[in-house]
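This report refers to the structure that appears directly beneath it.
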Amino acid sequence: MLRTRAVTFNVVTLLLAGLISLLSVSFSATAAEAIPQDSNVLYLTNDTHQISSQGALYYLEDPLAQLSLPYVIEQNIPFRHYPKAAFNEGFTESAYWLKLTVDASLSNKSRWLLEINYPLLDVVNVIIQGPDGAPLNHYELGDLNEFSQRPVSHRNFVVPLDFTDVKQQVVYLNVQTTSSLQVPISLWEITHFVEKRSNEQYGLGLYYGMMLVMFLYNFFLWLSIRDNNYLLYIGYIASFSALQLATSGLGYQFIWPQWVWLEQMAVPLTIGLVGIFGSAFTRAFLQTKVHHRLADIALRICLLLSAMICLSALVFDIATVMSSGKFVVVIFLITVFYSSVSSLLKGQHQARYFLIAWVSLIVGGMVTISMMLGYLPNNLWTTHASKIGSALEIVLLSFALADRIKILERAKNHAEALVKKELEERAVRLAESNRLKNDFLATISHEFRTPLNGILGSLELAADEHGKPQLNSLQDARNSARDMLDLVDNVLTYTELQAGNRIMSPETIELAPMIRSAADYIRQQCHNKHLTFELVLQPGLPNHIRADIKCIRHALKALLENAVKFTQKGQIRIEVGVSQMNNMTTLDIHIRDTGIGMTAAELSRVQDYFYQGDGSDQRRYQGLGIGLSLVRAVCHCMKGRLEIDSEKHQGTDVHLHLPVQALGRSEVRLIKNRVEAVETTPIENIRGRALVVEDNTINQRVLHSMLSRLQLKVDVADNGEKALEMLNSERAYRYDMVFMDCQMPVMDGFEATRILRASNISERHSPVIAVTANAMSGDQQRCLDAGMNDYLSKPISLEQIRQIVQKWLPADAGHEDPTTGRSADQASQPPADPERQKPG
Numbered sequence: 001m002l003r004t005r006a007v008t009f010n011v012v013t014l015l016l017a018g019l020i021s022l023l024s025v026s027f028s029a030t031a032a033e034a035i036p037q038d039s040n041v042l043y044l045t046n047d048t049h050q051i052s053s054q055g056a057l058y059y060l061e062d063p064l065a066q067l068s069l070p071y072v073i074e075q076n077i078p079f080r081h082y083p084k085a086a087f088n089e090g091f092t093e094s095a096y097w098l099k100l101t102v103d104a105s106l107s108n109k110s111r112w113l114l115e116i117n118y119p120l121l122d123v124v125n126v127i128i129q130g131p132d133g134a135p136l137n138h139y140e141l142g143d144l145n146e147f148s149q150r151p152v153s154h155r156n157f158v159v160p161l162d163f164t165d166v167k168q169q170v171v172y173l174n175v176q177t178t179s180s181l182q183v184p185i186s187l188w189e190i191t192h193f194v195e196k197r198s199n200e201q202y203g204l205g206l207y208y209g210m211m212l213v214m215f216l217y218n219f220f221l222w223l224s225i226r227d228n229n230y231l232l233y234i235g236y237i238a239s240f241s242a243l244q245l246a247t248s249g250l251g252y253q254f255i256w257p258q259w260v261w262l263e264q265m266a267v268p269l270t271i272g273l274v275g276i277f278g279s280a281f282t283r284a285f286l287q288t289k290v291h292h293r294l295a296d297i298a299l300r301i302c303l304l305l306s307a308m309i310c311l312s313a314l315v316f317d318i319a320t321v322m323s324s325g326k327f328v329v330v331i332f333l334i335t336v337f338y339s340s341v342s343s344l345l346k347g348q349h350q351a352r353y354f355l356i357a358w359v360s361l362i363v364g365g366m367v368t369i370s371m372m373l374g375y376l377p378n379n380l381w382t383t384h385a386s387k388i389g390s391a392l393e394i395v396l397l398s399f400a401l402a403d404r405i406k407i408l409e410r411a412k413n414h415a416e417a418l419v420k421k422e423l424e425e426r427a428v429r430l431a432e433s434n435r436l437k438n439d440f441l442a443t444i445s446h447e448f449r450t451p452l453n454g455i456l457g458s459l460e461l462a463a464d465e466h467g468k469p470q471l472n473s474l475q476d477a478r479n480s481a482r483d484m485l486d487l488v489d490n491v492l493t494y495t496e497l498q499a500g501n502r503i504m505s506p507e508t509i510e511l512a513p514m515i516r517s518a519a520d521y522i523r524q525q526c527h528n529k530h531l532t533f534e535l536v537l538q539p540g541l542p543n544h545i546r547a548d549i550k551c552i553r554h555a556l557k558a559l560l561e562n563a564v565k566f567t568q569k570g571q572i573r574i575e576v577g578v579s580q581m582n583n584m585t586t587l588d589i590h591i592r593d594t595g596i597g598m599t600a601a602e603l604s605r606v607q608d609y610f611y612q613g614d615g616s617d618q619r620r621y622q623g624l625g626i627g628l629s630l631v632r633a634v635c636h637c638m639k640g641r642l643e644i645d646s647e648k649h650q651g652t653d654v655h656l657h658l659p660v661q662a663l664g665r666s667e668v669r670l671i672k673n674r675v676e677a678v679e680t681t682p683i684e685n686i687r688g689r690a691l692v693v694e695d696n697t698i699n700q701r702v703l704h705s706m707l708s709r710l711q712l713k714v715d716v717a718d719n720g721e722k723a724l725e726m727l728n729s730e731r732a733y734r735y736d737m738v739f740m741d742c743q744m745p746v747m748d749g750f751e752a753t754r755i756l757r758a759s760n761i762s763e764r765h766s767p768v769i770a771v772t773a774n775a776m777s778g779d780q781q782r783c784l785d786a787g788m789n790d791y792l793s794k795p796i797s798l799e800q801i802r803q804i805v806q807k808w809l810p811a812d813a814g815h816e817d818p819t820t821g822r823s824a825d826q827a828s829q830p831p832a833d834p835e836r837q838k839p840g
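What follows is the structure, encoded as structure tokens:
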């Protein structure tokens, strides 16, 4: 923007310099005007440098263009006096004879030049005679003749007058043209004419130089930003410059001096081009098609008429085309002015400079047209008014384009700000939607786990009570329920990993047994499909590792299930090893199958959520389709690496690399000592009373039955508020353990535990075990933060209950004080051991 304004400022400076030059021409032209001594004769004196024909010019109209000079003289046809400074009849079909008597007897200079300062005349015959009618010279000029026939090489019509022998001469001019008929005559002393010509060329050079600079500058801008407004604008500059070259005579002098036919059609042709580019530029700049339909229709009409003028100039008579062209110019200027004003009134701020620019041209153009129609005199200002107006217009249009870019930039920034705000709001909504999705999945998981707890617990209890005939059926039901639980766990784990909410929970485990357990699960499936299964444990495997075992199991199980699922014949091979790099141990798992394989396109999409490589409408393979997505999420969370090589119908190679901590014997021994240091109650010594806080009646019965089998007395509360009432009531016994569900009506387990810990209830230090369907990785910590001692995720097994009871049941549980109904030392029981508050 600053660069555009700098260029515009320089252009304005050049324009002002050109105007000063033109003014200097004007002052020099009027410096020494001789006073005629006879109204019929133009006298030249020693003080005369330039003089017009005003007062000494006579004319004779020839409507049919048939009169000859001998006939006029012989018939003594009278000439009429023309009092104005410059002969101007506007657009006419008549020919005219002009008569000018010049006397140089009072001047020492004998050589003068007669200039007709209007280069668009078709026929200019100059006949010079003496006072007695003797012929002296005869010149046939006009743009119907080649430029080379002119006696003086000048854009205007210039003929020499030699008063050496004849001091008084009569100049007859026969003129005719299809354009405006103007014959502004001046007589120049040669040295001053040369000076005037030099100044004039300087001014014109500045004008056309400015037009060239603006053309090139905006052309390179168009190359840079590819805005079609600039392309139309430079087209307008070029066409208007061509029009000025045609009307000033410079085109005929320097560009097409031998092409008479082009000189004839140059003016109407360039008028049409100016109308075409001007109308198109106005439509594009003001966006009239969008903002002003009526103005757009008017500009289209102007564009069409301008195109017709261009075509007519090539085909029809120039006189007819010129008479039509003058009306098209007027219509074009009025339409552009109307469009600019209307657009500005409609709030288009970019129309400000645009309107001022066209007003400048319109004023200059109207002055020139008025001069051509004969309403204004032909002088310096009226002759060059269109150039001055066009120079201002070109500069202001450049300002308009720069202003338009600024406005568009502001609009763009505003739009970007709105889009950015919308994207931020959308991101917030998506985050909220994602959170709601996660909450929904967590809720679904909770709701699944609650009935699953009842199913699995009941099945386990029933399996112990029934004989072998029912045992297989019960075992099948139990396995199916566990498969259902695995699906829920996969979805829940994947959701946590994708949302970035997964909290790593490192555990210590024996590596080989964990791998064999997963392999045994898959080996049976391979046996059912008649597939060969091979497990290879490389030498050097550590006995124990410490890592997020749950994540590793999920990833390993997902990869093995995929291998079995997509392999119909052949074998599945799993190879497990470890590698060391930068003091870090990496668990390397390689699974190779001979299944259906994948193409490159399928491989690029196979890790998408719910996508299966088969891709058919009827899925041939069971499962949720999140296996590899889950593995990828595990790799991302554990900073591992997943590599898959596959070929259609040739099988798949999967390499899973997960960082783990390999434990030495001393570290394993230390961990074992810590575990053994935790006091446990022998199974045969389990006695006591437990309170089960659970809102689901089936889970109440399941947990009641499991605890009863462990020889515990059990009471049940439906919610946290009821549990606090029971704990705070007068009774002849105490509760040695509390099994607390987390999500319950009235009062949940979190609030109930916090109130219990802050109360004076005798059981405020008793172990509280969370038994909940909330299985997210952060739920365990939330339970501990609420004051619970340990955490069990539903569904639970009898073995889990047995381990938790052995871990947390006090050694003196069940031995009541007959005076208080409470166990010995209950009143002074210290807070639970901090080490025992950590889940094992």
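For the record, in the sequence shown the residue sitting at position 775 is 775 according to full-length UniProt numbering, with numbers rising by one throughout. Even glycine gets a Cβ: it sits at the ideal position worked out from N, Cα and C. Quick caveat, the model's predicted, so the values are computed rather than measured.
First through last residue of the alpha helix (DSSP H) which encompasses tryptophan 808: 798 to 808 is the extent of the alpha helix (DSSP H) around tryptophan 808.
Contact the stretch 320 to 339 vs the stretch 375 to 390: 3+ CB pairs below 8 Å: Cβ pair count under 8 Å is below three, so no.
Arginine 426 (DSSP reduced to helix, strand or coil): In the three-state reduction of the DSSP assignment, arginine 426 falls in the helix class, which pools H, G and I.
Minimum C-alpha distance to glutamine 168 - residue among Phe193, Pro135, Asp653 and Glu195: That would be Pro135, whose Cα lies nearest to the Cα of glutamine 168.
Proline 539 burial status per 10 Å Cβ neighbour count (16 or more: buried): So proline 539 ends up on the exposed side.
Per-residue burial, arginine 226 [other beta carbons within 10 Å of its own, 16 or more giving buried]: When all chains shown are included, arginine 226 counts as exposed.
Span separating the alpha-carbon of tryptophan 358 from that of leucine 333: Computed Cα separation, rounded: 8 Å.
Collapsed DSSP secondary structure at threonine 697 in the structure displayed: DSSP places threonine 697 in the helix class (H, G or I) of the three-state scheme.
Per-residue burial, asparagine 108 [other beta carbons within 10 Å of its own, 16 or more giving buried]: With fewer than 16 other Cβ atoms within 10 Å, it is exposed.
Run of the alpha helix (DSSP H) containing valine 336, from where it starts to where it stops: Residues 318 to 345.
Cutoff 8 Å; reference proline 83; Cβ partners in own chain excluding five residues on either side: Closer than 8 Å at the Cβ level, and outside the excluded window around proline 83, lie Gln54 and Gly55.
Three-state secondary structure (DSSP) of leucine 216: Residue state, collapsed to three classes: helix.
Bridge-paired residues (DSSP) for methionine 504: Partner(s): none; methionine 504 has no beta bridge.
Assigned secondary structure, histidine 657 (DSSP; H/G/I helix, E/B strand, else coil): DSSP places histidine 657 in strand when its eight states are reduced to three.
Selection from Asp741, Leu603 and Cys635 that minimises the alpha carbon distance to residue 868: Because residue 868 is not part of the residues shown, which for the chain are 1 to 840, the question remains open.
Delimiting residues of the beta strand (DSSP E) encompassing methionine 776: Premise fails: methionine 776 is in no beta strand (DSSP E) and is neither H nor E.
Reduced DSSP secondary structure (H/G/I, E/B, other) of arginine 435: In the three-state reduction of the DSSP assignment, arginine 435 falls in the helix class.
Counted within 10 angstroms of its Cβ, other Cβ atoms place glutamate 679 as buried (16 or more) or exposed: In this prediction, glutamate 679 has a pLDDT of 49, which is less than 50 and means its spatial position is unreliable; what the coordinates show is noted afterwards. Answer is exposed; the Cβ neighbour count stays below 16.
Integer-rounded CB distance, given that valine 171 should sit under 8 Å from leucine 114: Right, the Cβ-Cβ distance comes to about 7 Å (below 8 Å), so this counts as a contact.
Helix, strand or coil at proline 70 [DSSP, three-state]: Proline 70 sits in a helix when the DSSP states are folded into three classes.
6 Å CB neighbourhood of histidine 655 in its chain, flanking five on each side removed: Correct list, in chain order: His590 and Glu643.
Neighbourhood of isoleucine 596 by C-beta distance below 6 Å, restricted to the same chain and skipping five residues each side: Phe566, listed in sequence order.
Exposed unless 16 or more other CB atoms sit within 10 angstroms - verdict on histidine 349: By the 10 Å Cβ count, histidine 349 comes out exposed.
Outcome for arginine 426 when other beta-carbon atoms lying within 10 angstroms are tallied against a minimum of 16: Arginine 426 is exposed by the Cβ-count criterion.
Given 8 Å, three or more beta-carbon pairs between the stretch 229 to 241 and the stretch 277 to 285: Output reads yes: the stretch 277 to 285 touches the stretch 229 to 241.
Arginine 141 to arginine 150 span [Cα, whole Å]: First, the amino acid is wrong: residue 141 is leucine here, not arginine. Their backbone Cα atoms lie some 6 Å apart in a straight line.
CB contact flag (isoleucine 796, valine 771, <8 Å): Judged by beta-carbon spacing, valine 771 lies within the 8 Å limit of isoleucine 796, meaning their Cβ atoms are closer than that value.
Residue range of the unbroken alpha helix (DSSP H) whose run includes aspartate 588: For aspartate 588, no alpha helix (DSSP H) run applies; the uninterrupted beta strand (DSSP E) run containing it begins and ends at 584 to 593, by DSSP.
Through-space distance from asparagine 125 to threonine 177, alpha-carbon basis: So the two alpha carbons sit approximately 12 Å from each other.
Which of helix, strand or coil DSSP assigns to histidine 414: Histidine 414 falls in the helix class under three-state DSSP.
Cβ-based burial, proline 542 [other Cβ within 10 Å; buried from 16]: It counts as buried.
8 Å Cβ cutoff met for methionine 366 and isoleucine 318: For methionine 366 and isoleucine 318, no; Cβs fall outside 8 Å.
Pair within 8 Å by beta-carbon distance, leucine 100 and leucine 69: The beta carbons of leucine 100 and leucine 69 sit no closer together than 8 Å.
Neighbourhood of glycine 249 by C-beta distance below 7 Å, restricted to the same chain and skipping five residues each side: Pro119, Arg155 and Asn156, listed in sequence order.
Histidine 180 - partner residues in DSSP beta bridges: One point to set straight first is that residue 180 is serine, not histidine, in the sequence displayed. Partner(s): Phe91.
Separation of lysine 569 from proline 513, as counted between CA atoms: Spanning the two alpha carbons is a distance of roughly 28 Å.
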